[in-house]
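**Student:**
Residue numbers (my numbering), protein chains in the order written: chain A, 50 to 388; chain B, 435 to 920.
#1: Please state whether DSSP places residue 675(B) in a helix, a strand or coil.
#2: Any beta-carbon of chain B closer than 8 Å to the one on residue 192(A)?
#3: I'd like to check one pair, residue 358(A) with residue 318(A): are the Cβ atoms closer than 8 Å?
#4: Please look up how many angstroms separate the CB atoms of residue 651(B) and residue 663(B), rounded, as I've assumed it's under 8 Å.
#5: With residue 112(A) as the anchor, note down where its alpha helix (DSSP H) starts and where it stops.
#6: Would you mind telling me which residues of chain A sit closer than 9 Å to residue 850(B), beta carbon to beta carbon, in chain order?
#7: Mind checking whether residue 852(B) and residue 593(B) have CB atoms under 8 Å apart?
#8: Give the residues of chain B in contact with residue 394(A), contact being defined as C-beta atoms less than 7 Å apart.
#9: How would you label residue 180(A), buried or exposed, when you count the other beta carbons within 10 angstroms and need 16 or more for buried?
#10: Please report the Cβ distance between residue 189(A) and residue 136(A), rounded to the nearest whole angstrom; I am assuming they are in contact, meaning their Cβ atoms lie under 8 Å.
#11: Taking the alpha-carbon of residue 574(B) as reference, which of 675(B), 713(B), 722(B) has the nearest alpha-carbon?
#12: Given a limit of 9 Å on CB to CB distance, which residues of the region 280-314 of chain A reach chain B?
#13: How do the region 777-788 of chain B and the region 829-837 of chain B stand: do at least 3 beta-carbon pairs fall below 8 Å, yes or no?
#14: Are the region 902-910 of chain B and the region 507-524 of chain B touching by the rule of at least three beta carbon pairs closer than 8 Å?
#15: Would you mind reading off the limits of the alpha helix (DSSP H) that contains residue 219(A)?
#16: Could you pull out every unbroken beta strand (DSSP E) segment of at least 3 residues lying fully inside the region 746-819 of chain B, listed in chain order?
#17: Using the Cα positions of residue 559(B) and residue 461(B), report the straight-line distance between them to the nearest angstrom.
#18: Could you name the residues of chain B that residue 149(A) contacts, counting a contact when the two beta carbons are closer than 8 Å?
#19: Between residue 451(B) and residue 890(B), how many whole angstroms is the CB-CB distance? I'm expecting something under 8 Å.
#20: Whole-angstrom Cβ separation of residue 679(B) and residue 151(A), contact assumed at under 8 Å?
#21: Given 8 Å as the limit, is there contact between the region 683-694 of chain B and the region 157-175 of chain A, that is, 3 or more CB pairs closer than that?
#22: Which residues of chain A have a Cβ atom closer than 8 Å to the Cβ of residue 679(B), listed in chain order?
#23: List the residues of chain B whose Cβ lies closer than 7 Å to the Cβ of residue 55(A), in chain order.
#24: Mind checking who residue 698(B) pairs with in its DSSP beta bridge?
#25: If you count every other CB in all the chains shown that lies within 10 Å of the CB of residue 291(A), and 16 or more means buried, which is it?
#26: Using CA coordinates, which residue listed in 253(A), 204(A), 212(A), 329(A) is at the minimum distance from residue 84(A)?
#27: For a cutoff of 8 Å on Cβ pairs, would you count residue 61(A) as touching chain B?
#28: At 4 residues or longer, and completely inside the region 307-337 of chain A: list those alpha helix (DSSP H) runs for me, N to C.
#29: Out of 347(A), 311(A), 79(A), which has the shortest C-alpha to C-alpha gap to residue 191(A)?
#30: What residues from chain B crowd round residue 365(A), counting only those whose CB sits closer than 7 Å?
#31: Straight-line CA distance for residue 140(A) to residue 168(A)?
#32: So what's residue 235(A) in DSSP terms, helix, strand or just coil?
#33: For residue 156(A), return the contacting residues in chain B, with the cut-off set at a CB-CB distance below 8 Å.
#34: Going by DSSP in three states, residue 104(A) sits in which element: helix, strand or coil?
#35: Out of 132(A), 102(A), 98(A), 147(A), point me to the one whose CA is closest to residue 113(A)'s CA.
#36: Which two residues bound the contiguous beta strand (DSSP E) that contains residue 868(B)?
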């Protein structure tokens, strides 16, 4: 069965974005979950606003009438379909892309996403209250994980698979940097003695749990580990699936496969970006990165990932774009946002 | 105490109509009684529960068509009725032969009118009906198509009268839809009602995609090895998008939108991750006038600029060909029996519904004399408008129709009211007769192949004759019994 199957540029783009949007839903659930855990009595608003800040959503949050309290931030991300970075819009965009991809993706992938989307349309304000919130986050995570499992088990491994994986890895790396960012301001050099240090480590433990990396971290962490070891793990580990370095390694492999298996020559610029990202991560010790300013560093990684996505778009998706502008096409909006 | 019958068919009565399940047919291989007794075993409650689960599955699978209102787009399923419509092997042989004959005549007619128009010169059909038709395309004149096939995909709407006789109601020679439901209904049936089907030998419906791809490959421009076939769709906002997805998957070819294609040097290319790749056959599911903005509607974004030029140069094949709409027009329909006779020297195997052509004096006289018993239809394009159903019309409406007929006879045809056959259908009240029709699908490349069965559409409202999905229509699985004879 050696029939060569060219991939429409539009499909490649759809796969890339479908994967990104789905991955975003899982990570949003993780971010909300960890924010909930950090909610300090009496200072809830501050914790929740940090979520808005690390997503760089301050402007749209306040423009949409958001008031800085826990309830409003939760609604903004979990209920407001008008927030392009929230769960409803991401799922809508994922389903939109899946719909354009129905000729290509497996029936089971489509059917699950269709049902997941419908299920999440029925989220009510009540689901954001008390212990319901954590349950909701679990539902969201599991929905995405089901998607991932179905995709792994049913999606044909041709070019499309690689574009799907690239979208997913870029989004995942980006979200890990945001998860890290949520606690950056806690990384002031240790003053305040042992008690403060233990509190900090508890919070870092929550970040690790939100990333599903707590146990893995304990296995590889040095005795007497500190916050910088957590940061190092999430940034530079090459075995943990949500670590930025592993994501980057995998992106490089995917791009290489597109080049060697399918003869796609447009990968050069993207591969150069990947090189730069890796150099940034391995170029200096994490302790030094923290010293120089973790927040700025994470910002830089996010910018590089945006440029990497841009290179992939220019090389493979741009060709059909100039003519196509369907009404209500949410992915266009996000591309503008990302560009 | 209330007595409930265990046989859901005990109060089923199809009245004067022909029933597609219960009317006696000697060659039904015992299927009708088997289906009835199995439904009895399942019981009405379980039947309702399973039918509702089956409809939920259609929603989950997204086997839907989209209905647009001002505010939103709603995905609806085509309601599925779980009681099958049964066609015997002999009935099917008759239908199949009739459909093939019809397709042959339609193609011969199209070839003729675009190559000199012998049929008009010989006085078989008035020239203005052909050349004055809005769907006649000048671009097609003297243009060669492979194997003389213009209508590659054809759907013919067939009804059955009270005696069980099959009649053609309409030809669909442009971009007929519905075939995806034929296949999906069968899949749904075998998942949800395996006990209803077990042991009954049916002609399979799975072969459509393979046959279609073969035909699309055959008609590609001559001399192309391994032609690239694509399906051109208006995209996800089109109400038939699911069917486009279905067909592209069944053929294993890309579903493209206009923006995925481009024309350079009179050749058609698709935009892929690896650059431009040639395209040779386009199964297009968009109308003629949207195909190419440089030739037809300049503001259309659905088509591909330059496509008609590439096609005129013979570098790409369009299926169906441009300009087939003239053949499935209502006015031309009335002449189909004569057209069949003219080209094939055969009588129509499947007769038309008796049609009186009012531009002809006898037709007009008969129509005027029997207005109370006839359906009077305008032949123009605006289907649905201006129809007068004699038996249901007021005196004033009859007189208005009379005046319109006398003022412009050639704009009208008339037909008797056909007593459409019924099929037992699951309703809130139990199993009741509902009217249905049948749309078989024919695929033609070098030769014609007809998918066994076709789409059975059912008017779910009591007494309704309207089977359209937009107006309360649903569908049934259509069983063609297999007797081993071909």
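Just so it is clear, CB atoms sit at the ideal spot from N, CA and C, and this is done for glycine as well.
As the structure is a prediction and not an experimental result, all values here were calculated from the model.
**Tutor:** So, to answer that:
#1: On the second chain, position 241 is the one that residue 675(B) refers to. Helix, per DSSP.
#2: Residue numbering aside, residue 192(A) sits at position 143 when the first chain is read from its first letter. Cβ-Cβ to chain B under 8 Å: no for residue 192(A).
#3: Along the first chain, one-based indexing puts residue 318(A) at 269. Along the first chain, one-based indexing puts residue 358(A) at 309. In this structure, residue 358(A) does not lie closer than 8 Å to residue 318(A) by Cβ.
#4: Residue mapping note: residue 651(B) aligns to position 217 of the second chain, counting from 1. Residue mapping note: residue 663(B) aligns to position 229 of the second chain, counting from 1. Right, the Cβ-Cβ distance comes to about 6 Å (below 8 Å), so this counts as a contact.
#5: In the first chain, residue 112(A) corresponds to position 63, counting from 1. Counting along the chain, residue 112(A) sits inside the alpha helix (DSSP H) bounded by residues 107-112.
#6: As a first step, residue 850(B) is located in the second chain; it is residue number 416 there, counting from the start. The contacting residues do not exist; residue 850(B) stays about 44 Å from chain A at best.
#7: For the purposes of this step, residue 852(B) is taken as residue 418 along the second chain, with counting starting at 1. For the purposes of this step, residue 593(B) is taken as residue 159 along the second chain, with counting starting at 1. A Cβ-Cβ contact shorter than 8 Å links residue 852(B) with residue 593(B).
#8: No statement about residue 394(A) is possible, as the shown extent of chain A runs from 50 to 388 and does not include it.
#9: As a first step, residue 180(A) must be located in the first chain, where it is residue number 131. With fewer than 16 other Cβ atoms within 10 Å, it is exposed.
#10: To locate residue 189(A), count along the first chain from 1; it is residue 140. To locate residue 136(A), count along the first chain from 1; it is residue 87. Right, their Cβ atoms sit about 7 Å apart.
#11: Here residue 574(B) refers to the residue found at position 140 when the second chain is read from its first residue. Checked all of 675(B), 713(B), 722(B); the closest Cα to residue 574(B) is 722(B).
#12: So the list reads 307, 311, 312, 313, 314, given in the order they occur along the chain.
#13: Counting Cβ pairs under 8 Å, fewer than three are found: no touch.
#14: Judged by pairs of C-beta atoms under 8 Å, the region 902-910 of chain B touches the region 507-524 of chain B, as three or more such pairs exist.
#15: Position 170 of the first chain holds residue 219(A). Per DSSP, residue 219(A) belongs to the alpha helix (DSSP H) from 208-230.
#16: Taken in chain order, the complete beta strand (DSSP E) segments of 3 or more residues contained in the region 746-819 of chain B are 751-753, 808-812.
#17: By one-based count along the second chain, residue 559(B) stands at place 125. By one-based count along the second chain, residue 461(B) stands at place 27. For residue 559(B) and residue 461(B), the distance between alpha carbons rounds to 40 Å.
#18: Residue numbering aside, residue 149(A) sits at position 100 when the first chain is read from its first letter. Within chain B, 669, 670 have C-beta atoms less than 8 Å from the C-beta of residue 149(A), given in sequence order.
#19: Translated into the one-based positions of the second chain, residue 451(B) becomes position 17. Translated into the one-based positions of the second chain, residue 890(B) becomes position 456. At roughly 15 Å, the Cβ-Cβ gap does not stay under 8 Å, so residue 451(B) and residue 890(B) are not in contact.
#20: For the purposes of this step, residue 679(B) is identified with residue 245 of the second chain, where counting begins at 1. For the purposes of this step, residue 151(A) is identified with residue 102 of the first chain, where counting begins at 1. Contact between residue 679(B) and residue 151(A) is confirmed by a C-beta separation of about 4 Å, below the 8 Å threshold.
#21: The region 683-694 of chain B vs the region 157-175 of chain A: no contact.
#22: Counting from 1 along the second chain, the entry for residue 679(B) is found at position 245. Here the neighbours are 151, 152.
#23: To locate residue 55(A), count along the first chain from 1; it is residue 6. Within chain B, the residues placing a beta-carbon under 7 Å from that of residue 55(A) are 706, 708, 711, ordered along the chain.
#24: In the second chain, residue 698(B) corresponds to position 264, counting from 1. Note: residue 698(B) sits in a beta bridge opposite 701(B).
#25: Taking the first chain and counting its residues from 1, one reaches residue 291(A) at position 242. Using a 10 angstroms sphere on the CB of residue 291(A), the tally of other CB atoms reaches 16 or more, which defines it as buried.
#26: As a position in the first chain, residue 84(A) is number 35, starting the count at 1. Closest option to residue 84(A), Cα to Cα, is 253(A).
#27: In the first chain, residue 61(A) corresponds to position 12, counting from 1. Under the Cβ distance rule, residue 61(A) counts among the residues neighbouring chain B, one pair being separated by less than 8 Å.
#28: DSSP runs (the alpha helix (DSSP H)) wholly in the region 307-337 of chain A: 317-331.
#29: Taking the first chain and counting its residues from 1, the one referred to as residue 191(A) is at position 142. The residue with the shortest Cα to Cα distance from residue 191(A) is 79(A).
#30: Here residue 365(A) is taken as the residue at index 316 of the first chain, counted from 1. What residue 365(A) touches in chain B: 707.
#31: For the purposes of this step, residue 140(A) is taken as the residue at position 91 of the first chain. For the purposes of this step, residue 168(A) is taken as the residue at position 119 of the first chain. If you take the alpha carbons of residue 140(A) and residue 168(A), they lie about 11 Å apart.
#32: Counting from 1 along the first chain, the entry for residue 235(A) is found at position 186. Since pLDDT at residue 235(A) reaches only 46, below the 50 mark, its modelled position is unreliable, and no value is offered.
#33: Taking the first chain and counting its residues from 1, the one referred to as residue 156(A) is at position 107. Under the 8 Å cutoff, chain B gives 495.
#34: Taking the first chain and counting its residues from 1, the one referred to as residue 104(A) is at position 55. Looking at residue 104(A) - three-state DSSP - the assignment turns out to be coil, as it is neither helix nor strand.
#35: Counting from 1 along the first chain, the entry for residue 113(A) is found at position 64. Considering only alpha carbons, the answer is 132(A).
#36: Against the second chain, residue 868(B) aligns to sequence position 434. In the DSSP assignment, residue 868(B) falls within the beta strand (DSSP E) that extends over 864-873.
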